[in-house]
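Residue numbers (my numbering): 232 to 735.
Pasting the structure below:
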């Protein structure tokens, strides 16, 4: 198996050097880095009530603990991939790991909400640098064939399991130690991974070209402005300056982004990728589904702990039916369904199941048992697993090899930005429906009962709106998708080709 790895530097001599030269050590480094990045998207969810109580977040402000990471990660992901091309993937990978590790330490030490949000934003930047370089280093190191297939399979498994691991780890750390350890846990892992990577991972050849910094910044800050405006609308009203200024600024920056990408010699998002109806609708549908799903994590973790009295660990474990359902449904799709049904049919059924799960969640009540919660999670997880495998391939349909890396990146970007915008809308809706009532408030029994009624009503409305996102995805695919299997050009192997192109 030693011939499978092609980009190891010469390690130190002796038994330790021989150990480091093993391909399994190289793969372990990449998988550990990917796990940290994926895990941090969910590990803070279970800790949210404790973070709110410790640092004094408002109900709407609490959503930024999730959103600011997602926005920085998704908005700068394509720039991070391009930086690896031009500056060397090992160098960018190590820089991303260092930033992610240091910002995790900062977040764990935070004594104010502002400090924590700055740390989460820096984590997102570090993740945007490390994640694409990690994947590129993996596919560049393992030669095409069985070795690469196995490595990519393990990478995909870690990516899929990371969300579930994050929820369980977040609950365990919050309950046994402190919410701060959902941040601190990255520090020893990041240090060890970085030290091993410096010895084991060799630098890749660099390309000539330019970084589209202006495009990355205008898109990231533009989306941030829209999210900020939507969140502030729930707290301050639509007519307030706190709402209108970021909304207008965000829209203006996104217009500037389109103009920059149209003129840039090497744009991070070639506009031609947005012209294909099938690709654009697939990415948009993916974003819409995530827009509805992300609210499940945010609101349900608070409901389980603050209303139903779950411990943090029990709340984290309660979510396990969702990732299990996603895994099983995705395996069923890739191994069986794609050979029997048209892609559009699979996506329609999947998105409809997500919408059905959110509709059921819109009837949530304090008297619900765990089987009711698990039923919602299974519906949403199964629908997601059916949809995402198919949508990934449709998002890459007709892409030329020169654009494969950017097209693959757009799949992840649409997912991250859809989640951020969706959560902002749902937080706004929830705040408006509840009259700004918050989870975890203290009051006399009569006031507590009224607050609980208000919170449950807000969940009904928020999940109802979330179901509309999924139904919008159904409508979009129904209108723009192709009905004939032979027209869909559905080929799951193209995703591997796109990943290889991203690796250069």
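Note that the Cβ used here is the ideal one computed from N, Cα and C, for glycine as well.
Subject >> Residue from 272, 372 and 507 whose Cα sits closest to the Cα of residue 253 >> reply: Minimum Cα distance to residue 253 is reached at 372.
Subject >> As assigned by DSSP and simplified to three states, the class of residue 373 >> reply: Looking at residue 373 - three-state DSSP - the assignment turns out to be strand.
Subject >> Any alpha helix (DSSP H) of 4 or more consecutive residues that is wholly inside the stretch 533-589 >> reply: With a minimum length of 4 residues, the continuous alpha helix (DSSP H) runs that stay inside the stretch 533-589 are 543-549 and 552-566.
Original post:
Between 469, 520 and 310, which lies nearest to residue 618 when the distance is taken from Cα to Cα?
Top reply: If we check each option's Cα against that of residue 618, 520 comes out closest.
Subject >> Cut-off 6 Å between Cβ atoms - residues of its own chain near residue 295, not counting five sequence neighbours on either side >> reply: Closer than 6 Å at Cβ, skipping near neighbours: 348.
**OP:** Under 6 Å Cβ to Cβ from residue 397, same chain only, skipping five residues before and after it: list those, please.
**Re:** Excluding sequence neighbours, residue 397 sits near 270, 273 and 274.
**OP:** Return the first residue and the last residue of the alpha helix (DSSP H) that residue 281 is part of.
**Re:** In this chain, the alpha helix (DSSP H) harbouring residue 281 covers 279-286.
Original post:
Considering only residues of the same chain and omitting the five flanking positions on each side of residue 596, which have a CB-CB separation below 7 Å?
Top reply: If you ignore the 5 residues before and after residue 596, its C-beta comes within less than 7 Å of the C-beta of 687, all in its own chain and listed in chain order.
Original post:
Whole-angstrom Cβ separation of residue 395 and residue 550, contact assumed at under 8 Å?
Top reply: That belief holds up - the Cβ atoms of residue 395 and residue 550 are roughly 7 Å apart, short of 8 Å.
**OP:** Check whether the stretch 463-471 touches the stretch 345-359, taking contact to mean three or more Cβ pairs, one atom from each stretch, closer than 8 Å.
**Re:** No, they do not touch.
Original post:
Under the rule that 16 or more other beta-carbon atoms within 10 Å means buried, what is residue 486, buried or exposed?
Top reply: Looking at its Cβ environment, which holds fewer than 16 other Cβ atoms inside 10 Å, residue 486 is exposed.
Original post:
Whole-angstrom Cβ separation of residue 591 and residue 606, contact assumed at under 8 Å?
Top reply: Taking 8 Å as the upper bound for CB-CB distance, residue 591 and residue 606 are in contact here, some 7 Å apart.
Original post:
What did DSSP end up calling residue 613 once you bin it into helix, strand or coil?
Top reply: Residue 613: helix per DSSP, three-state reduction.
**OP:** Alpha carbon to alpha carbon, how far is residue 262 from residue 509? Give it in angstroms, no decimals.
**Re:** When rounded, the distance between both Cα atoms is 32 Å.
**OP:** State the start and end residues of the unbroken alpha helix (DSSP H) segment that holds residue 265.
**Re:** Its alpha helix (DSSP H) spans residues 254-270.
Subject >> Three-state secondary structure (DSSP) of residue 647 >> reply: Residue state, collapsed to three classes: helix.
Subject >> Backbone CA spacing between residue 415 and residue 276 [nearest angstrom] >> reply: Approximately 15 Å between the Cα atoms of the pair.
Original post:
Are residue 524 and residue 418 touching if we call contact CB-CB under 8 Å?
Top reply: Not in contact: residue 524 and residue 418 (Cβ atoms no closer than 8 Å).
Subject >> For residue 449, the three-state DSSP class (helix, strand or coil) >> reply: Note: residue 449 maps to helix in three-state DSSP.
Subject >> Beta-carbon proximity check, residue 616 vs residue 568, cutoff 8 Å >> reply: The answer is no: Cβ separation not under 8 Å.
Subject >> At least three beta-carbon pairs within less than 8 Å, the stretch 424-431 to the stretch 571-585 >> reply: The stretch 424-431 vs the stretch 571-585: no contact.
Subject >> CB of residue 331 within 8 Å of CB of residue 267, strictly >> reply: Judged by their CB atoms, residue 331 and residue 267 are nearer to each other than the 8 Å cut-off.
Subject >> Enclosing alpha helix (DSSP H) for residue 304 [first to last residue] >> reply: Per DSSP, residue 304 belongs to the alpha helix (DSSP H) from 295-318.
Subject >> Limits of the alpha helix (DSSP H) - the one that residue 417 falls within >> reply: In this chain, the alpha helix (DSSP H) harbouring residue 417 covers 417-431.
**OP:** Count the C-beta pairs between the stretch 277-295 and the stretch 431-445 that are closer than 8 Å, then say yes if the count reaches three, no if not.
**Re:** Note that the stretch 277-295 does not touch the stretch 431-445; fewer than 3 beta-carbon pairs, one per stretch, sit closer than 8 Å.
Original post:
What is the DSSP secondary structure of residue 520, counted as helix, strand or coil?
Top reply: Residue state, collapsed to three classes: helix.
Original post:
How about residue 626 and residue 638: are their beta carbons less than 8 Å apart?
Top reply: Yes; because the gap between Cβ atoms is below 8 Å, this pair is in contact.
Original post:
Hey, is the stretch 491-499 in contact with the stretch 441-454, meaning 3+ C-beta pairs nearer than 8 Å?
Top reply: Contact holds: three or more Cβ-Cβ distances are below 8 Å.
**OP:** Determine the direct distance from the alpha carbon of residue 694 to that of residue 535, and round the result to whole angstroms.
**Re:** Distance between the alpha carbons of residue 535 and residue 694 is about 15 Å.
Original post:
What number of angstroms, rounded off, separates the C-alpha of residue 459 from the C-alpha of residue 653?
Top reply: One C-alpha to the other measures close to 12 Å.
**OP:** If I'm right that residue 354 touches residue 338 with Cβ under 8 Å, what's the distance once you round it to whole angstroms?
**Re:** Between residue 354 and residue 338 the beta-carbon gap is near 7 Å, inside 8 Å, which marks them as a contact.
**OP:** In the DSSP assignment, find the alpha helix (DSSP H) that holds residue 477 and state where it starts and stops.
**Re:** In the DSSP assignment, residue 477 falls within the unbroken alpha helix (DSSP H) covering 472-494.
Original post:
Looking only at C-alpha atoms, which of 566, 553, 477 and 324 sits nearest to residue 602?
Top reply: Ranking 566, 553, 477 and 324 by Cα distance to residue 602 puts 553 first.
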